[in-house]
Amino acid sequence: MGRGKLVDVEVMLYWASSMTRKGLYPILSLSKTVYEKGISLTKKAMKQVESRLQRNPLLPKWHILIQPL
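Reading the sequence shown from the start, the letters are residues 73 to 141 in this note's numbering.
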């Protein structure tokens, strides 16, 4: 598929599914759930989420590895 703009869901899913890490492909699923705005986690719940995140020091906002439960 080469380079192109991520203009629709099919293109984005194809692009994401073609990525690999150490020879492994991601498992993807599309969620069409609409979430309410303004909902936030408690500090305790957020700490549990953050404990699973490994941030790249060069790109801490964008390059995050999420460890499975």
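Built from N, CA and C at the ideal position, the CB exists for glycine as well.
Measuring alpha carbon to alpha carbon, tell me which of the options ends up nearest residue i.
i    : options             : result
W134 : L125, L141 and V106 : L125
A141 : E122, L130 and P132 : The sequence given here has Leu at residue 141, not Ala. Among E122, L130 and P132, the Cα nearest to that of L141 belongs to E122.
L102 : E82, K109 and I136  : E82
Starting from residue i and walking both ways along the alpha helix (DSSP H), at which residues does that stretch end?
i    : result
Q120 : K115 to E122
L96  : Run containing L96: none; DSSP gives neither H nor E here.
Just to confirm my understanding: we take residue i, look at its own chain, exclude 5 residues before and 5 after, and list those with CB closer than 8 Å. What are they?
i    : result
L131 : none
L113 : V121
Less than 7 Å between C-beta atoms, sequence neighbours within five positions excluded: which residues of the same chain meet that for residue i?
i    : result
S89  : Y97, P98 and L100
I138 : R124 and L125
Can you give me the start and stop residues for the beta strand (DSSP E) that residue i sits inside?
i    : result
L141 : Segment: none, L141 is in no beta strand (DSSP E) and carries neither H nor E.
L85  : Counting along the chain, L85 falls outside any beta strand (DSSP E), though it belongs to the alpha helix (DSSP H) covering V81 to S89.
L125 : L125 to R127
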